[in-house]
Amino acid sequence: MNMKWFSRIIIALALAMSLYFYGQMPATMATHWGANGEVNGYSSTLFGLMIIPVMMAAMYALFSVLSNVDPMRKNIDKFRNYFDFFIVIMMGFFFYVQMIMIAWNLGYRFDISIAIVPAMAVLFYFAGVLTERSKRNWFIGLKTPWTMSSDVVWEKSNKLAGRLFKACGIVSLLSLLIVPKYTLMIIIVMAIFASVYPIIYSYYEYKKIVKKKR
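Counting in my numbering, the final residue of the sequence shown is number 203, and the numbers go up one at a time with none missing.
Structure (structure tokens):
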């Protein structure tokens, strides 16, 4: 089955789950939690149940359109399978978020800030896989003036960024097992590092190429 169909099925399941549990939800749903796992935001039942399926459908449509109108679409086609698979992972992530949100509002109690970590770890890891495999384009991957100016800089910088995001996913799971209290802090620090360091790296790699050409 085409990966796009898996994404569509997950979106349909998210919508079906919302409709199924609508009558079992309280009039006001908990829809937002702080880093400490405490509820700090509520919404109406309709909004609470529909926001994630609607967001999933909107993101799927946006990703589909943007990847097809990119001026460098031919490069995206070179790693299209990885891109489509990542969309499935992302839809699965939001489906999982919806499940634990519904479970909480049905009366099940757990630390939601901990429950979300495994899904975040998987998302980080496969974002890394996609970034590693990406080719120069305007939509996916590490896009800086220096990566967009050189295929060599793009390859080096995105492979580095991909490895860092994969490491972020692995460390997230390990920290959950070893130091669960500090897991979210570790994830935030690693995500910032994985996002910022490759930008600096791309600048210096580009400078090396310019220097060699002189």
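Cβ atoms here follow ideal geometry from the backbone N, Cα and C, with glycine treated the same way.
Keep in mind that this is a model prediction, so the values were computed, not measured.
Item: Contacting residues, own chain, Cβ-Cβ under 8 Å from V86 (five flanking each side not counted); Value: I41, I105, A108
Item: In chain order, each alpha helix (DSSP H) run of at least 4 residues that lies wholly inside the segment 72 to 120; Value: 101 to 104
Item: Sequence-distant residues of its chain with Cβ nearer than 8 Å to N29 (five each side left out); Value: H21, W22, G23
Item: Assigned exposure category for E121 - 16 Cβ within 10 Å defines buried; Value: buried
Item: Buried versus exposed, by CB contacts within 10 Å (16 or more), E27; Value: exposed
Item: Beta-carbon proximity check, S191 vs V142, cutoff 7 Å; Value: yes
Item: According to DSSP, residues forming a beta bridge with G30; Value: H21
Item: Supposed close pair I175, V160 - CB separation, criterion 8 Å; Value: 7 Å
Item: Residue span of the alpha helix (DSSP H) that contains G12, given as start and end; Value: That residue, G12, is in no alpha helix (DSSP H); it is neither H nor E in DSSP.
Item: Beta carbon of G130 nearer than 7 Å to that of N147; Value: yes
Item: Beta-carbon gap between L165 and T172 smaller than 7 Å; Value: yes
Item: M45 vs A3 beta-carbon contact at 7 Å; Value: yes
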